[in-house]
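Read through the structure below, which is laid out as structure tokens, and then see the notes.
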Amino acid sequence: MSSRTIKKLLLSLIVVGVLASFTARGTFAVLNGSTNHPGSSISSGSILMANSVGGGSNCYSDLTAANKNVNSSCTQLFSTGLLYPITTSSPPTPPQTTVAYADMTISSAGLPLAGGNPTSSTLPATLMVAMPNCDASNTTGAGFTGGTNPCCPGDAFGAGVLPGSVANCPTGSLDFFIQEYTSSAFTTPTSSCLYPVQASACTFQSDTLGNFFGNYHDTTHYLSLGTIAAGATRYFRIGVAEPIDASNNLQGETATLSLYWHMEQ
Amino acid sequence: MTRLQTLKLNMSSVGTTAASTSPAAAPAQAEIEAVEIPAVAAELQTQPGPTQPGKARVRAGKWRLVGIVALALLATLAAAAAGDALNSGVLRDLAAGAAAFGAAGILAAVSIAYKRTRVATRPTAPAARKRFSTSKAILVLMMVIGVVAYFGGAGTFAGFTAQTTNANSTLGSGSLLMQNTVNANPVCESKLGESNNNVNANCTALFSFSNQEPGVYSGVSTVTIKNSGTLNASTMYLWAPYANGVLSTTINSGANVTSLSLYASGHGPAGLEGTVNSGDHLLVTYGGNSQTFVASAGAAPGATSITVNALAATATFQTGATVEDLDSNTSAANTDCYDTQLVNLGFNSTTNNPLCSGSVLFVQETTGGFNYCWWGSGAGSANGQCDAPISTNPSSVSGGVVAAGSYTVTALTGNIKSGDTLQFAQGANKVTCPASSDYYYGATSITVGACTLVSGANSGFNSTAVITDTSSLTRIGSDTTHNISKFDQTAGYANKIELTPVTANGVKTPNGTDLASNATRTFVVGVVIAPSNAAPPANAQNQLQQLKSTFGLVWHIDQ
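Chains as they are written, first to last, in my numbering: chain A, 10 to 274; chain B, 2 to 560.
Below, the structure is given as structure tokens:
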């Protein structure tokens, strides 16, 4: 074979190689079949909360987008002064000046859409409550201050003081209860008391505020109030009173407390 | 009649004037006879005597040329008459007659020339005259006939022939067709795809799970893939589609295309599945034709029109053609999977498709009882299990108390790994027990070890108790690489997953036919919104509320 022929062959191979480099891509299979499942989907549900006090306007968890479903600016429960020790453990019928009541409506719903009704949650949830703070202070203008912390008698006064445990809150705090009602009329309590837990309707019992604060004071220690169905509403009365056996050490003291209401899937 | 210059051909060459033309000088030469050819042409030489050597050679050359042309013409006529070069019978007869007439004339001329040569010519001009050998003429004639017959002749000249024919030989192509069945839905055939290229973009959606919550079993679908063709598929693939849609308006060849219209429903994706960015390359395919356009503006998920830079269509693309964004699936923001708000809660933004990124997808094969996790948390595990959540019920709980032992349960729609923590929940009562073994999708009996009360009381459990695998959910909560968004970004066409045959739990063979003709393979596909394993409040996933993730999944076989 002449060198000229060899050169031609080599040149041909080069050309073929160059062509292949430009034209060959992907698979060389000729026959194939393919199917696609478009539109497969998964949708998430929602848990939203509305909170109103004393029949007032709703405070929605989703009011502020940046807070991502957490609203820390709802209406205060009560602002009651001049309490004095109750004479009976049975809660008096409101309106009352000797005890502090807050009638709470908790709904599984969020902000209304375009002026309509509140947007219902789509998922059931567990409703929980906690007391993230209960700050003791001397009542301004009081002629006498007893010196006992009404929230947790074993703790110091001041803002942001949390009990390390319920053991820090021995006897001597205010009375506290959470009673559920069957409707917004707040006339018919359910048969049991949510806190302090008892099979009958709530009554004022000694040391209960200290016990509640000692047990449920952060976001990992909630009191479970059971299930709330998607879109449902539940009604609670929060009661606080000077105990029957209150000592003078509770005179002239102020408790400033908050409640977290939390819904969780 | 005047005498022509002698035409002489020797055996070695035509037209040579070598000195050996003299018989005396070249006695051994294969010259047989010298001839003189009578001529009728006007240029005949009239000088009877010897000519000048140069002139004689010129004349001899002319007459050689004339003689050869005459012979060639004669031979051509003969060949044409004998062969199939002339289709007309009349023409063949005329050619044969002309050939015969010519041959007779040549024979006559040769005869006359032979006689005259013998009488007068040879002695007087032996050196100048060139004699024409009859045998050479015949040989040249035969050679020319042969050449002409080679190029112009057809058929055989044999008198006796034999012939056989193998008629009706055929070559038929096989087929690769795919049947895709989701649960008990109608079969989806690849051949019925509207894009007319054995690609069906309109199979049943895998699932439509609504109102889901993180860390809770959502459900699964079973997909059966069958090769209904006649050929074995050497390879079978699973991949995430590009952002895509289906053309709703025909584009005619040559048309100036400035936008692509997509079906909003009924033909596959609902509008655009995914997001198109300006400058993306959009591949339109119909039948064997495809063309790439460039988006001139972005298009949002669900869009039914994509504007493109003006370009003439190189082919006709009928409605049903597929439209794929070749530049998609590069980030969480432009995957095939896309999020939409079901309700605008203010805090549930769809930017970067958070639910697509928060939902773990798993694809587990169960063909023939052999399991293999192709995609998902646990992919490639030795036991073949994906971390697939379960939610099942016991047929009964003895005495209402959960304890170590075996339980008959409704068929598992997920997997349990040996040692996993199984939670029995009946209202507020919760008890956990360790699984004693691996249990796979479809299992109806499980055995657990010693149990622990978690909350409430270990009493009152019955057939409505719900059994979940909390360990599986925890593993899913830690998985950040197998969500739908990652599937789109890492298991697209360029990184497709070859589904090689599975021969045992967790064992796949590297080679072999992936899907033989008429064979089927079965897969369980599920998705779950991953729980967050972070501590509160960092585990909050509120931003995932009221979102919907929409996506696709492609099965493919090759010859």
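The beta carbon of each residue, even a glycine, is placed where N, CA and C say it ideally should be. These figures come from a predicted structure and were not determined experimentally.
Burial state of A/F195 (16 or more Cβ within 10 Å): With 16 or more other CB atoms across the displayed protein chains lying within 10 angstroms of its CB, A/F195 is buried.
Whole runs of the beta strand (DSSP E) within the region 371-434 of chain B, excluding any shorter than 3 residues: For the region 371-434 of chain B, the full-length beta strand (DSSP E) segments reaching 3 residues or more read 373-376, 406-409, 422-427 along the chain.
Host beta strand (DSSP E) of A/S233 (start-end): From DSSP, the beta strand (DSSP E) with A/S233 extends over 232-237.
Proximal residues to B/G220 (C-beta, below 8 Å), its chain only, five neighbours per side dropped: Non-local beta-carbon contacts of B/G220 in its own chain, meaning distances under 8 Å to residues more than five positions away in sequence, involve F208, F210, T414, G527 in chain order.
Rounded separation between B/S397 and B/F425 - CA only: The straight-line gap from Cα to Cα measures roughly 12 Å.
Contact set between B/K227 and chain A, taken where Cβ atoms lie within less than 8 Å: Under the 8 Å cutoff, chain A gives no residues; its nearest Cβ is about 10 Å from B/K227.
Rounded Cβ spacing between B/M237 and B/L554 (contact assumed at less than 8 Å): In fact, because the Cβ distance is near 14 Å, the residues do not count as touching under 8 Å.
Where A/D144 falls: helix, strand or coil (DSSP): Strand, per DSSP.
Host alpha helix (DSSP H) of B/Q490 (start-end): B/Q490 -> alpha helix (DSSP H) spans 485-491.
Unbroken alpha helix (DSSP H) run spanning B/L474, endpoints: Looking at the DSSP string, the run of the alpha helix (DSSP H) that includes B/L474 is 471-479.
Outcome for B/N372 when other beta-carbon atoms lying within 10 angstroms are tallied against a minimum of 16: Classification for B/N372: buried.
Reduced DSSP secondary structure (H/G/I, E/B, other) of A/G42: Correct three-state label for A/G42: strand.
Distance, B/Q365 Cα to B/C387 Cα: Computed Cα separation, rounded: 6 Å.
Interface partners of A/Q207 on chain B, CB under 8 Å: Listed along chain B, no residue sits closer than 8 Å to A/Q207 by beta-carbon distance, the nearest being about 17 Å off.
Where B/V247 falls, given that 16 or more other Cβ within 10 Å makes a residue buried: That one is buried.
Proximity test, Cβ basis, 8 Å: A/D164 and chain B: Contact of A/D164 with chain B is not assigned, every C-beta pair being separated by 8 Å or more.
Residues that B/Q213 contacts on chain A, provided the C-beta gap is smaller than 9 Å: What B/Q213 touches in chain A: I51, S52, S53, G54, L132.
Given 8 Å, three or more beta-carbon pairs between the region 470-490 of chain B and the region 519-533 of chain B: Yes, they touch.
B/G359 - containing alpha helix (DSSP H), residue span: B/G359: member of the alpha helix (DSSP H) spanning 355-359, first to last residue.
Residues within the region 325-358 of chain B neighbouring chain A, beta-carbon criterion of under 7 Å: Under the 7 Å Cβ criterion, the region 325-358 of chain B contributes L343, V344, L346, G347, F348, L356.
Supposed close pair A/V62, A/T84 - CB separation, criterion 8 Å: Right, the Cβ-Cβ distance comes to about 4 Å (below 8 Å), so this counts as a contact.
Delimiting residues of the alpha helix (DSSP H) encompassing A/G248: Segment 242-250 is the beta strand (DSSP E) holding A/G248; no alpha helix (DSSP H) there.
Any chain B beta carbon closer than 8 Å to A/N78: Put simply, the CB of A/N78 is near chain B, with a gap under 8 Å to one of its CB atoms.
Separation of B/T445 from A/G65, as counted between CA atoms: Between A/G65 and B/T445, the C-alpha separation is close to 54 Å.
Classification of B/D515 by the beta-carbon crowding that lies within 10 angstroms, buried from 16 upward: In the assembly as shown, B/D515 is a buried residue. Its beta-carbon has 16 or more other beta-carbons within 10 Å.
Contact list for A/D112 against chain B, beta-carbon separation under 8 Å: Residues of chain B whose Cβ lies closer than 8 Å to the Cβ of A/D112 do not exist, since the nearest Cβ in that chain is about 27 Å away.
Contact with chain B by A/A74, beta-carbon distance below 8 Å: True, the Cβ-Cβ gap to chain B drops below 8 Å.
is_contact[B/E274, chain A] using C-beta, thresh 8 Å: Yes, B/E274 counts as interfacial toward chain A.
Alpha helix (DSSP H) segment containing A/N224, residue limits: Residues 217-224.
Within chain A, the residues that B/L548 reaches when beta carbons sit closer than 8 Å: Those within 8 Å of B/L548 in chain A are S52, S53.
8 Å CB neighbourhood of B/V402 in its chain, flanking five on each side removed: Sequence-distant Cβ neighbours of B/V402 in its own chain, meaning closer than 8 Å and more than five residues away, are N459, S460, F462.
Inter-residue Cα distance where the pair is B/S437 and B/A185: So the two alpha carbons sit approximately 33 Å from each other.
For A/Q260, three-class secondary structure by DSSP: If DSSP states are grouped into helix, strand and coil, A/Q260 belongs with coil.
B/S291 CB to nearest heavy atom of the ligand SAM below 7 Å: In the structure shown, the ligand SAM is absent, as is every other ligand, since no ligand is present at all.
Cutoff 8 Å: B/A492 Cβ touching any chain A Cβ: Not one chain A Cβ lies under 8 Å of B/A492.
Partner residues on chain B for A/P127, Cβ-Cβ distance less than 7 Å: Within chain B, no residue comes near A/P127; the closest Cβ sits about 12 Å away, beyond 7 Å.
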